[in-house]
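Engineer: Submitted below is the structure of interest, expressed as structure tokens.
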Amino acid sequence: MSQVLGLLTDRIAWVTGAARGLGEAISRRLAQEGAHVVMTDINQEGVEAAAAAIAKETGRRTLPLYCDVTVEEQTEEVVAKTLETFGRLDILVANAGILIAGELTEIPVADWRKVIEVNLVGYFLSARAAARVMKEQRSGVIIQINSRSGKRGSFRNSAYAASKFGGIGLTQSIALELAPYNVRVNAVCPGDLLDSPLWTESLYEQYAKRWGITPEEVRRRYEQRVPLGRTCTYDDVCNVVVFLASDQASYMTGQAINVTGGQVMS
Ligand SMILES: NC(=O)c1ccc[n+]([C@@H]2O[C@H](COP(=O)([O-])OP(=O)(O)OC[C@H]3O[C@@H](n4cnc5c(N)ncnc54)[C@H](O)[C@@H]3O)[C@@H](O)[C@H]2O)c1
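This is the structure we're talking about:
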């Protein structure tokens with residue numbers, strides 16, 4: 080595990096899509112850094128279990144709540160409950176995201192729309208609900224979990240790439256709007272998290288079938304594409320999230336930071 084620096088003592092953070100995967104890892108790391116964390120997801124049971132475990136491990140407070148980021152009232156309700164419980168909101172990590180791959184001429188438009196709805200509209204609604212409070216406070220940090228697919232097209236994965244490219248446009252635009260209120264907005268663009276459930280429970284199998292190779296070969300193929308020669312880890316991403324959330328990044332806004340082992344250099 081990376082060194083814990085205590086950079087976020089008593090900050091109040093909200094992480095979307097926090098029941099598992101990267102969202103759970105970010106919630107844990109923010110708590111280790113001293114924050115109290117509101118953890119939301121559509122997987123109620125999962126988010127309650129993750130929140131209880133993190134509170135026990137870190138001694139920080141966690142508040143698990145049901146929230147579908149595509150439903151405006153639910154994002155507003157999270158912010159209301161956060162204020163009721165903690166009195167303020169300092170950090171939003173807009174992490175909830177889905178991936179439905181498919182060829183341009185095959186993918187059902189309903190699937191294409193769903194990806195845009197969760198990854199782009201969901202980010203907009205979460206950021207908007209958080210920003211209403213942060214503007215009043217005249218302080219706050221919004222961080223979107225984007226992807227290397229937010230900067231480069233992704234083969235047979237147009238909905239995901241379009242949603243993530245859109246996320247960078249949204250990040251830059253609301254960074255301009257919120258700068259006068261001392262609210263910073265940045266995105267983090269991770270490379271492939273090859274140990275995450277997204278890969279182990281679905282992508283290895285899909286790609287192995289498509290290319291006629293084994294799941295192990297799929298993994299090696301992806302690792303070989305990375306100049307630093309290894310998978311992206313939760314710690315790699317959390318290190319940058321903590322930095323951006325902290326006062327050490329107080330002169331940074333409107334950025335989309337690659338954490339890709341050198342795979343994307345723009
Ligand atoms: N796994 C990777 O390789 C990878 C790489 C780059 C970027 N990312 C990004 O990281 C983020 C997290 O991905 P992950 O790999 O942890 O995925 P995951 O599928 O493991 O977790 C996503 C979480 O979001 C929740 N969720 C889905 N739809 C939701 C909705 N409408 N409202 C609220 N919550 C919802 C799910 O229940 C789940 O708990 C995503 O934005 C993804 O695009 C992932």
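So the mapping is simple: my numbering equals the position in the sequence shown, first residue as 1, plus 79.
Note that beta-carbon positions come from the ideal geometry of N, C-alpha and C, so glycine has one too.
(1) Can you round the beta-carbon distance between V83 and M118 to whole angstroms, since I take them to be within the 8 Å contact cut?
(2) Any heavy atom of ligand 1 within a distance shorter than 7 Å of the CB on R304?
(3) Nearest to P306 by alpha carbon, out of I177, T339, K160, M331?
(4) Counting Cβ pairs, one atom from each stretch, are 3 or more of them under 8 Å apart for the segment 217-228 and the segment 260-278?
(5) In whole angstroms, what is the alpha-carbon distance linking Q111 and L249?
(6) DSSP three-state call for I169: helix, strand or coil?
(7) Output the distance between the C-alpha atoms of M331 and G291, rounded to the nearest integer angstrom.
(8) Taking only three categories from DSSP, how would you classify Y239?
(9) Thinking just about the alpha-carbon of each residue, which of D169, A175, A180, V319 is nearest to the one in D147?
(10) Applying the 10 Å Cβ sphere with the 16-neighbour rule, what's the burial state of P259?
(11) Exposed or buried, what is M344 when buried is set at 16 or more other beta-carbons lying within 10 Å of its beta-carbon?
(12) Name the two residues that bound the continuous beta strand (DSSP E) containing V267.
(13) For the alpha helix (DSSP H) containing L109, name the first residue and the last one.
(14) State yes or no: is the C-beta of D89 nearer than 7 Å to some heavy atom of ligand 1?
(15) Give me the residue from V316, G246, L255, R299 with the minimum Cα distance to V197.
(16) If you follow the alpha helix (DSSP H) that N318 is in, where does it begin and where does it stop?
(17) Using a threshold of 7 Å, is the CB atom of R235 nearer than that to any non-hydrogen atom of ligand 1?
Structural biologist: Result, derived from the coordinates:
(1) That pair is no contact at about 19 Å.
(2) Not so, every heavy atom of ligand 1 lies at least 7 Å from the Cβ.
(3) Checked all of I177, T339, K160, M331; the closest Cα to P306 is T339.
(4) In this structure the segment 217-228 touches the segment 260-278; the number of beta carbon pairs closer than 8 Å is three or more.
(5) Whole-angstrom Cα-Cα distance: 29 Å.
(6) In the sequence as presented, Ile is not what sits at residue 169; that position holds Asp. Coil, per DSSP.
(7) Within the model, the alpha-carbon separation for M331 versus G291 is close to 45 Å.
(8) Helix, per DSSP.
(9) Ranking D169, A175, A180, V319 by Cα distance to D147 puts A175 first.
(10) Classification of P259: exposed, given that the 10 Å Cβ count is below 16.
(11) Under the 10 Å beta carbon count, M344 is surrounded by fewer than 16 other beta carbons and is classified as exposed.
(12) Here the beta strand (DSSP E) through V267 covers 262-269.
(13) Bounds of the alpha helix (DSSP H) holding L109 are 100-111.
(14) No, the beta carbon of D89 sits no closer than 7 Å to any heavy atom of ligand 1.
(15) Closest in C-alpha terms to V197, from the list V316, G246, L255, R299, comes G246.
(16) N318 -> alpha helix (DSSP H) spans 313-324.
(17) Incorrect: R235 has no Cβ contact closer than 7 Å to ligand 1.
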